[in-house]
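Trainee: Okay, here's the structure, questions in a sec.
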DNA sequence: GTCTATATTCGGATAGAC
DNA sequence: GTCTATCCGAATATAGAC
């Protein structure tokens with residue numbers, strides 16, 4: 023099928039859309055996520071500003087595409103790694119990888135985990151990607167024997183806290199990435215400790 | 023001295039400045055921190071927009087004042103509480119209070135702990151207030167016997183992570199606030215554990 | 001699909017009278 | 001200190017020719 027006109031058109035359209043998206047990330051790094059200008063964006067892909075509307079129906083729609091793109095990157099990132107073997111070691115690697123993922127791209131971290139763009143809320147379809155990721159994380163925890171909500175809440179805080187400190191204080195570095203192993207040990211030791219003492223919960227005084 | 027003209031003028035000026043600042047926080051809640059408009063702000067304090075420049079020399083200067091105001095609130099908040107008695111329990115209360123402080127005002131949390139306003143960097147004088155707070159935190163940790171940098175890094179991640187999850191998922195609530203005690207226990211148990219096994223560090227395998 | 005031209009609104013900031 | 005008037009630039013978005 024060399025004369026598949028409509029197909030080629032669609033492929034071209036999607037390719038250009040992807041190019042625009044990639045440039046949007048670059049501009050976000052340069053100017054800040056909330057300060058992307060559609061003029062600059064159009065310039066960077068060799069278009070005039072109004073032509074962008076062929077690919078994105080509004081600026082918020084562009085942000086939505088970036089949000090979706092970021093979570094797809096995250097899902098691919100974790101899917102590429104295998105977390106087999108001992109579930110506890112796997113959890114430690116998983117945590118380190120997440121912090122590394124944030125450290126690798128501070129703007130992407132802002133987009134996915136901090137919601138600071140005035141007026142932007144991800145659409146339902148896009149948010150489904152986020153939920154997909156949290157399901158992966160839930161399964162990682164379940165494999166390590168962690169299923170209660172409070173422990174899940176703590177683990178999410180650990181992951182987000184390490185990632186945040188990394189991007190805020192040393193973007194691109196590994197200072198907090200390297201703490202993932204110790205933090206996972208600490209977390210699991212606490213789980214074990216509580217399992218031993220509960221439901222009686224004697225012997226350790228609550229702070 | 024009832025005729026202290028210059029004094030009265032200065033007091034009036036400072037009062038108006040404080041009023042503007044308070045309204046700026048309100049507007050930030052309504053429109054988003056990065057979306058404050060000086061016109062709206064002027065309206066809300068009964069002034070015309072150019073008159074704001076009598077009190078703040080630029081919009082970034084206004085943000086700087088908000089940043090300073092937020093850290094002063096935080097310093098007052100912790101100073102009002104006494105963290106006497108057992109240092110470990112004090113640390114647990116300190117952590118819970120910090121998460122509560124963030125939960126109480128999501129915009130203030132954004133301003134102090136996430137740096138997402140394009141182009142804004144706190145001035146040196148203002149940043150000194152932030153350092154003052156981190157010194158308080160450092161002393162709380164030192165009192166509980168925690169002085170090494172890696173442990174401090176972990177604690178900062180714990181605090182920020184709990185606060186972030188709280189404001190992101192349940193602003194105004196206490197779901198992560200309530201985890202502060204358990205998380206502090208977990209943290210200190212890890213410190214103790216490492217003290218027992220180091221420097222030999224035998225008996226526990228690293229994840 | 002891309003363009004030119006333009007609508008429309010809004011932003012922060014300044015000049016200068018009072 | 002506050003005002004009116006205005007500057008200047010930037011933003012997103014739309015209309016309509018090609």
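Chains as they are written, first to last, in the numbering used here: chain D, 23 to 229; chain Y, 23 to 229.
The beta-carbon is built from N, C-alpha and C at its ideal position, and this holds for glycine as well.
The model shown is predicted, which means the values in this text are computed figures rather than measured ones.
1. Interface residues of chain D around residue 179 (chain Y) at Cβ under 8 Å?
2. If you check the beta carbons only, do residue 139 (chain D) and residue 63 (chain D) fall under 8 Å apart?
3. Could you give the uninterrupted runs of the alpha helix (DSSP H) lying entirely in the stretch 48–82 of chain D, keeping only those of 4 residues or more?
4. Please state whether DSSP places residue 99 (chain Y) in a helix, a strand or coil.
5. Could you check which residue in Y:115, Y:97 and Y:218 has the C-alpha nearest to that of residue 150 (chain Y)?
6. How long is the line joining the alpha carbons of residue 34 (chain Y) and residue 77 (chain Y), rounded to whole angstroms?
7. How many Å lie between residue 43 (chain D) and residue 91 (chain D) at the Cα?
8. Starting from residue 111 (chain Y), find everything on chain D with Cβ-Cβ shorter than 8 Å and list it in chain order.
9. Given a cut-off of 8 Å, decide if residue 109 (chain D) and residue 166 (chain D) are closer than it, judged by their beta-carbon atoms.
10. Closer than 8 Å, CB to CB, is residue 208 (chain D) near chain Y or not?
11. Under 7 Å between beta-carbons, which chain Y residues line up against residue 140 (chain D)? List them in chain order, please.
12. Our contact map puts residue 174 (chain Y) next to residue 209 (chain Y) with C-beta atoms below 8 Å; I'd like the distance itself, whole angstroms only.
13. With contact counted as at least three CB pairs below 8 Å, one residue from each stretch, are the stretch 119–135 of chain D and the stretch 188–196 of chain D in contact?
14. So, using beta-carbon positions, are residue 121 (chain D) and residue 184 (chain D) closer together than 8 Å?
15. In angstroms with no decimal places, state the Cα-to-Cα distance between residue 214 (chain Y) and residue 58 (chain Y).
16. Between the stretch 190–208 of chain Y and the stretch 156–164 of chain Y, do three or more beta carbon pairs fall short of 8 Å?
17. Which residues in chain D sit within 9 Å of residue 86 (chain Y), going by Cβ to Cβ distance?
18. What in chain D is Cβ-close to residue 190 (chain Y), meaning under 9 Å?
19. Starting from the beta carbon of residue 172 (chain D), find every residue of chain Y whose beta carbon is closer than 7 Å, and list them in chain order.
20. On the CB-based measure, 16 or more other CB atoms within 10 Å of its CB, does residue 270 (chain Y) come out buried or exposed?
21. Cβ closer than 8 Å: which chain D residues qualify as neighbours of residue 211 (chain Y)?
22. Which residues in chain D sit within 7 Å of residue 114 (chain Y), going by Cβ to Cβ distance?
23. So, with DSSP's three-state summary, where would you put residue 168 (chain D)?
24. Quick one: using the 10 Å Cβ neighbour count with 16 as the cut-off for buried, is residue 85 (chain D) buried or exposed?
25. Could one say the Cβ of residue 5 (chain Y) lies closer than 8 Å to chain D's Cβ atoms, at least one of them?
26. Helix, strand or coil for residue 108 (chain Y) per DSSP?
27. Specify, as a first and last residue, the run of the alpha helix (DSSP H) that residue 195 (chain Y) falls within.
Mentor: Taking the coordinates as given:
1. 180, 183, 184, 186, 187, 198, 201 and 205
2. no
3. 60–66
4. helix
5. Y:97
6. 11 Å
7. 8 Å
8. 229
9. yes
10. yes
11. 53, 54, 56 and 57
12. No, residue 174 (chain Y) and residue 209 (chain Y) are not in contact; Cβ-Cβ is about 11 Å, not under 8 Å.
13. yes
14. yes
15. 48 Å
16. no
17. Near residue 86 (chain Y) there are no residues of chain D at all, since even the closest Cβ is about 17 Å away, more than 9 Å.
18. 135, 136, 137 and 182
19. 201
20. As displayed, chain Y neither begins before 23 nor continues past 229, which places residue 270 (chain Y) out of reach and without an answer.
21. 208, 211, 212 and 215
22. 229
23. coil
24. buried
25. No answer is possible for residue 5 (chain Y): it lies beyond the span of chain Y, which begins at 23 and ends at 229.
26. coil
27. Unbroken run through residue 195 (chain Y): none, as it is neither H nor E.
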